[in-house]
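K.L.:
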Amino acid sequence: MSKSVGLTGPKTLESCPHCGAQLSPWQQVLLSVDRALMCRNCWYRIVLDALDDSQEGRQDDSSNPKDVKK
Numbered sequence: 073m074s075k076s077v078g079l080t081g082p083k084t085l086e087s088c089p090h091c092g093a094q095l096s097p098w099q100q101v102l103l104s105v106d107r108a109l110m111c112r113n114c115w116y117r118i119v120l121d122a123l124d125d126s127q128e129g130r131q132d133d134s135s136n137p138k139d140v141k142k
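This note's numbering numbers the first residue of the sequence shown as 73 and each following residue consecutively.
This is the structure we're talking about:
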């Protein structure tokens, strides 16, 4: 299993990032279409846009060096 919060393909989750409960194929389809889903196990709201933003933010921070004061 990958360490990327259960991502299987482009913007598709296999499991809940909060509790790790397995998402059914139907839930995966709903999540890919609606971009948001409630986990039936822990009632955590999964929002794909929020996951994308946090991953892009980490990549941007690591690729751009901070301003260095001289």
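In this text, a Cβ means the ideal position worked out from N, Cα and C, and glycines have one as well.
#1: Just reading off the alpha helix (DSSP H) that residue 109 is part of, what are its end residues?
#2: Among 115, 116, 121 and 111, which residue has its Cα nearest to the Cα of residue 99?
#3: From residue 120 to residue 90, what distance separates their C-alpha atoms?
#4: Less than 8 Å between the C-beta atoms of residue 211 and residue 118, yes or no?
#5: If we ignore side chains and look at the alpha-carbon of each, how far apart do residue 109 and residue 97 end up?
P.N.:
Answer, in terms of the structure:
#1: Premise fails: residue 109 lies in the beta strand (DSSP E), 108 to 110, not in any alpha helix (DSSP H).
#2: 111
#3: 13 Å
#4: This structure cannot speak to residue 211, because the chain is shown only from 73 to 142.
#5: 13 Å
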